[in-house]
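Novice:
In this note's numbering, the protein residues as written are 699 to 854.
(1) For a quick check, are the C-beta atoms of residue 775 and residue 714 less than 8 Å apart?
(2) Report the option in 803, 748, 769, 779 whose CA atom is closest to the CA atom of residue 707.
(3) Find out if the Cβ-Cβ distance for the pair residue 848, residue 755 is shorter than 8 Å.
(4) Please report the distance separating the alpha-carbon of residue 742 from that of residue 716.
(5) If I follow the unbroken beta strand (DSSP E) through residue 725, where does it start and stop?
(6) How should residue 759 be labelled, buried or exposed, when 16 other C-beta atoms within 10 angstroms of its C-beta is the threshold for buried?
(7) Would you mind sorting residue 825 into buried or exposed? The rule is 16 or more other CB atoms within 10 Å of its CB.
(8) Rank 727, 733, 790 by C-alpha distance to the C-alpha of residue 830 and give the top, closest one.
(9) Can you list, in chain order, the stretches of the beta strand (DSSP E) that have 3 or more residues and sit fully within the stretch 791-821?
(10) From residue 820 to residue 782, what distance separates their C-alpha atoms?
(11) Relative to the C-alpha of residue 728, which candidate in 844, 852, 840 has its C-alpha closest?
(12) Which class does residue 779 belong to by DSSP, given the choice of helix, strand or coil?
Following this line, the structure appears as C-alpha cells:
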C-alpha cells in the first residue's frame, strides 16, 4: 500500500495539514503531481463530470488548466472524521478572453489507510468577476504564502 501522510484517522491538525497539502498540489497546476495524491482507481465527481482512475484525473486536470489561466486556489477545512474530510474552497482564474471568475465550492473526500484519496465529490459554481475584484495574489511559481489571507480572513 502506498502511503501519503498524513493518513487517517485524522486529527484536527492532520486534517488541516492534508487540506493545505492538497491546496499546494493543485496550485502547482501539475496534473501528474496532483494525481499521485489519489488511489489508482480513485473516483471523482467534479461538477457534472465523473472520472475514475489516475489517467482520467491527469487528462481532466490538463484540460482544466489549459482553459483556467492564472489559476489560484485556497482551500479551508470544514469538517473531518476518521478517514473523511470536508473542505470549502474558492479559486480565481481567467479564460482566454480575459474574463475573470471566482469559483466557489465544497468537496467531500474519503481516504484509504495510507492517506491516498479514494473518493472526491466536488460541487462548484463559477461567478464572473471584474479583474479589480480579485482577492488572490501571490507569485504563480509557488504555493500560497503562509501570510496570504485564507478564505475566512478574506470574508469568503
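Glycine residues also receive a C-beta, built at the ideal position from the N, C-alpha and C atoms.
Specialist: This is what the structure gives:
(1) In the chain shown, residue 775 corresponds to position 77, counting from 1. In the chain shown, residue 714 corresponds to position 16, counting from 1. Yes, they are a contact pair.
(2) What you label residue 707 is simply residue 9 of the chain shown in a count that begins at 1. Answer by Cα proximity: 779.
(3) Start at 1 with the first residue of the chain shown, and residue 848 comes out as number 150. Start at 1 with the first residue of the chain shown, and residue 755 comes out as number 57. With respect to residue 755, residue 848 sits apart: the two C-beta atoms are not nearer than 8 Å.
(4) Residue numbering aside, residue 742 sits at position 44 when the chain shown is read from its first letter. Residue numbering aside, residue 716 sits at position 18 when the chain shown is read from its first letter. Each residue's Cα considered, the two are about 18 Å apart.
(5) Taking the chain shown and counting its residues from 1, one reaches residue 725 at position 27. Run containing residue 725: none in the beta strand (DSSP E); it sits in the alpha helix (DSSP H), 710-725.
(6) Position 61 of the chain shown, counted from the start, is the residue given in the question as residue 759. Burial call: buried.
(7) Working through the chain shown from its first residue, we reach residue 825 at position 127. Residue 825 is classed as exposed because its beta carbon has fewer than 16 other beta carbons within 10 Å across all chains shown.
(8) Position 132 of the chain shown holds residue 830. When only C-alpha atoms are compared, the closest one is 790.
(9) Whole beta strand (DSSP E) segments, 3+ residues: 798-809.
(10) The residue labelled residue 820 in the question sits at position 122 within the chain shown. The residue labelled residue 782 in the question sits at position 84 within the chain shown. So the alpha carbons of these two residues sit roughly 14 Å apart.
(11) On the chain shown, position 30 is the one that residue 728 refers to. Closest option to residue 728, Cα to Cα, is 840.
(12) In the chain shown, counting from the first residue as 1, residue 779 sits at position 81. The answer is strand: DSSP assigns residue 779 an E or B state.
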